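A.B. asks: Okay, so the sequence shown: first residue is 826 according to the numbering used here, each after it adds one.
No residue lacks a Cβ here, since even glycine has one placed at the ideal position from N, Cα and C.
All values reported here derive from a predicted model rather than from experimental measurement.
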Amino acid sequence: MRRTVWITILLVAAGLVAWRALGAARPQAQPSPAGPAPGGPRLAVVRVEPVGRTTLVVRSTYVGELVASGSADVFPRVSGVVQEVRVREGDAVAAGQVLVVLDPRELRYQVEQARAVRDAQQVAVQQAAAAVRTQRAQVEQAEANLNTQRARLAQLLAGAAPEQVRQAEEQVTQAQAAVEFSRAQLRRAEELYRQGFVAQQVVDSARTDLVVQEARLRAAEEQLKLLRRGPSAEEVQVARAQVRQAEAGLRQAQAQLRQGEVALRQARSVLAQAEAALRQVESLFEERHVRAPISGVVANLSADPGDTVTAATRLLQVVAVSTVEASVAVAESDLGRLRVGMPAVVRVDAFPDRTFTGRVARIAPVVAADTRTATVRVQVPNREGLLRPGMTARLDVTLARRESVLTVPVHAVVSRDGKQVVFVVQDGVARARAVQLGLADGTRVEVVGGLRAGERVVVEGQETLRDGVPVRVLEGPAGRRPRSGGRP
């Protein structure tokens, strides 16, 4: 019995295997590429996207290197020995900050020398000024003497006036009276002396007074005679000679004054030069403090205490890093799209999760003949100091930006009969629509004419479409290629 059951099971299994093999060998009906099996309408399977408004940004990507926006080599303005270095490489410094100090001893000696020369010249100016004052007084005296001699000559030539004669006569009368009085005084003194009432000294004094009064009388009488008879030729000649002598004396005094004034001007000029030289060495003395010409970071420091340096010795370099520049080589075919002021996004390997914003600052006016590129500089603020010259930079330069424009995917646009068209699904039928295109960012393209917002544009399956073909619209996320065939 059991054997019969097992035989039955084996026969059934063998029959099933044979039936499946026979079914697999039969040809199956395949659906048409454009639709279902014959007898039904042929449909193209597509995926659509509604036309909407979006912001379109066109960027171009470049790779370059960060460079300092500015740098300054620091040289001492005076020669000397380095006394102190107050910074190290990498230190941030501000413009005007003292970086290096030179030994002041030699400079101090130069200042003292210049000050001594200035002081000596000040004394020379004072002496020259005193000489000029004396010479001016001498000129004034010579002028007064000349005026006196000229007046005397004029008086001689004009003769005595009646008033002068009368005054001379009065002076003679007064002198005569004085002589008589003196004689009487002498006689009285002699009498008193003989009587023993006065000393000999009183007699001598009275006699001396008489002699003086007699001399005055003779002078008054002589003056009266001269006035009455007029000047002689000899007196006029002498007066003329005295005038000429006074004129010569005035000319000499004036010449000496001019020489003195020239000497004073020269002394003042030399003093001004000495003061300028002193100011210069004092300024150089201050220049022993070598200061930062700009704000930035210290680089290439080569100065050490004890080094002897000159004005041609570079001590260090200050690199401005508050703003850096990304330098990129741009092909000449792209230059026409770049403009100064265009925004850019900068990325560096050191900070992969951060972006830095900048703007195109300069576009080289010359294209390199060997590379057919031009250097473009993008200025990037570096307030945090994270960006350093020498870093590799990747830049996305915003070439254009359109706000709220109609766009479609770039691959939705196909060429038909020499025109750019998209397919719009209307009532289950694909309609070819000629469009006018604008900007494109590589993924989407601006449509400036031919479409309206909200229309459904074919974005998958459009390559083989023709105008008026019925379509079946697939639902679901984009990216799955639609299968050919199907029913509405």
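Smallest Cα separation from residue 1069: which of 968, 1166, 1130?
C.D. replies: Looking up residue 1069 in the sequence shown gives position 244. Nearest C-alpha to residue 1069: 968.
A.B. asks: Contact between the segment 1072 to 1092 and the segment 950 to 960: three or more CB pairs below 8 Å?
C.D. replies: Touching, yes.
A.B. asks: Tell whether a beta-carbon distance below 8 Å holds between residue 782 and residue 909.
C.D. replies: As displayed, the chain neither begins before 826 nor continues past 1313, which places residue 782 out of reach and without an answer.
A.B. asks: Which complete beta strand (DSSP E) runs does the segment 856 to 943 hold, if anything under 3 residues is left out?
C.D. replies: Those beta strand (DSSP E) runs which fall completely within the segment 856 to 943 and span 3+ residues are 869 to 875, 877 to 899, 905 to 910, 923 to 927.
A.B. asks: Which of helix, strand or coil does DSSP assign to residue 959?
C.D. replies: The count along the sequence shown starts at 1 and reaches residue 959 at position 134. Reduced to three states, the DSSP call for residue 959 is helix.
A.B. asks: Residue 924 and residue 905 - do their beta-carbons sit closer together than 8 Å?
C.D. replies: As a first step, residue 905 must be located in the sequence shown, where it is residue number 80. As a first step, residue 924 must be located in the sequence shown, where it is residue number 99. The answer is no: Cβ separation not under 8 Å.
A.B. asks: Taking only the alpha-carbon atoms, compute the straight-line gap between residue 1023 and residue 1042 and give it to the nearest angstrom.
C.D. replies: The count along the sequence shown starts at 1 and reaches residue 1023 at position 198. The count along the sequence shown starts at 1 and reaches residue 1042 at position 217. Whole-angstrom Cα-Cα distance: 28 Å.
A.B. asks: Looking only at its own chain, which residues have a Cβ that is under 6 Å from the Cβ of residue 975, when we skip the five neighbours before and after it?
C.D. replies: As a position in the sequence shown, residue 975 is number 150, starting the count at 1. Excluding positions up to five away in sequence, the list reads 1068.
A.B. asks: How close, in whole Å, do the beta carbons of residue 1206 and residue 1144 come, if the pair is a contact with beta carbons under 8 Å?
C.D. replies: Counting from 1 along the sequence shown, the entry for residue 1206 is found at position 381. Counting from 1 along the sequence shown, the entry for residue 1144 is found at position 319. Not really, about 16 Å apart at Cβ, beyond 8 Å.
A.B. asks: Could you name each continuous alpha helix (DSSP H) segment of 4 residues or more that falls completely within the segment 1047 to 1112, going from the start of the chain to the end?
C.D. replies: With a minimum length of 4 residues, the continuous alpha helix (DSSP H) runs that stay inside the segment 1047 to 1112 are 1058 to 1111.
A.B. asks: Using the Cα positions of residue 1113 and residue 1149, report the straight-line distance between them to the nearest angstrom.
C.D. replies: In the sequence shown, residue 1113 corresponds to position 288, counting from 1. In the sequence shown, residue 1149 corresponds to position 324, counting from 1. About 31 Å.
A.B. asks: Which of the three DSSP states, helix, strand or coil, is assigned to residue 1299?
C.D. replies: Counting from one through the sequence shown, the residue named residue 1299 turns up at place 474. Reduced to three states, the DSSP call for residue 1299 is coil.
A.B. asks: Roughly how many angstroms lie between the CA atoms of residue 1229 and residue 1189, to the nearest whole one?
C.D. replies: Here the question's residue 1229 lines up with position 404 in the sequence shown. Here the question's residue 1189 lines up with position 364 in the sequence shown. Rounded to the nearest angstrom, the two C-alpha atoms are 34 Å apart.
A.B. asks: Taking 6 Å as the limit between beta carbons, can you name the residues of its chain near residue 855, skipping five residues before and five after?
C.D. replies: One-based indexing of the sequence shown puts residue 855 at position 30. Any reading at residue 855 must be qualified, since the residue scores a pLDDT of 39, below 50, and its modelled position is unreliable; no value is offered.
A.B. asks: For residue 1056, does the count of other Cβ atoms within 10 angstroms reach 16, so buried, or fall short, so exposed?
C.D. replies: For the purposes of this step, residue 1056 is taken as the residue at position 231 of the sequence shown. Answer is buried; the Cβ neighbour count reaches 16.
A.B. asks: Fully enclosed by the segment 1167 to 1205, which beta strand (DSSP E) runs are 3 residues long or longer?
C.D. replies: Runs of the beta strand (DSSP E) inside the segment 1167 to 1205: 1168 to 1173, 1181 to 1188.
A.B. asks: How would you call residue 907, buried or exposed, if buried means at least 16 neighbouring beta carbons within 10 angstroms?
C.D. replies: Here residue 907 refers to the residue found at position 82 when the sequence shown is read from its first residue. Per the 10 Å Cβ criterion, buried.
A.B. asks: Buried or exposed, going by whether 16 or more other CB atoms sit within 10 Å of the CB of residue 1285?
C.D. replies: Taking the first residue of the sequence shown as 1, we reach residue 1285 at position 460. Under this definition residue 1285 is a buried residue.
A.B. asks: As a quick exercise: from 1127, 1254, 879, 1174, pick the residue whose alpha carbon is nearest that of residue 1138.
C.D. replies: Translated into the one-based positions of the sequence shown, residue 1138 becomes position 313. With distances taken between Cα atoms, residue 1138 lies closest to 1127.
A.B. asks: Three or more C-beta pairs closer than 8 Å, one from the segment 1156 to 1166 and one from the segment 1175 to 1182: is that the case here?
C.D. replies: Taking 8 Å as the limit for Cβ pairs, the verdict is that the segment 1175 to 1182 does not touch the segment 1156 to 1166.
A.B. asks: In its own chain, which residues sit with a C-beta less than 6 Å from the C-beta of residue 903, not counting the 5 before and 5 after it?
C.D. replies: In the sequence shown, residue 903 corresponds to position 78, counting from 1. Closer than 6 Å at the Cβ level, and outside the excluded window around residue 903, lie 1109, 1112.
A.B. asks: Which of helix, strand or coil does DSSP assign to residue 1137?
C.D. replies: The residue given as residue 1137 occupies position 312 in the sequence shown. Three-state DSSP puts residue 1137 in coil, outside helix and strand.
A.B. asks: Since residue 998 is in the alpha helix (DSSP H), which residue starts that stretch and which ends it?
C.D. replies: As a working mapping, residue 998 is identified with position 173 in the sequence shown. Segment 987 to 1019, the alpha helix (DSSP H) holding residue 998.
A.B. asks: Using alpha carbons as the reference points, say which of 1020, 1262, 1061 lies closest to residue 978.
C.D. replies: By one-based count along the sequence shown, residue 978 stands at place 153. Closest option to residue 978, Cα to Cα, is 1061.
A.B. asks: Taking the alpha carbon of residue 938 as the reference point, which residue from 882, 1106, 1183 has its own alpha carbon closest?
C.D. replies: In the sequence shown, residue 938 corresponds to position 113, counting from 1. It is 1106.
A.B. asks: Taking only the alpha-carbon atoms, compute the straight-line gap between residue 1291 and residue 1279 and give it to the nearest angstrom.
C.D. replies: Taking the sequence shown and counting its residues from 1, one reaches residue 1291 at position 466. Taking the sequence shown and counting its residues from 1, one reaches residue 1279 at position 454. Computed Cα separation, rounded: 22 Å.
A.B. asks: Do three or more CB pairs link the segment 1236 to 1249 to the segment 893 to 902 at distances below 8 Å?
C.D. replies: No, because fewer than three Cβ pairs between the segment 1236 to 1249 and the segment 893 to 902 fall closer than 8 Å, the two stretches do not touch.
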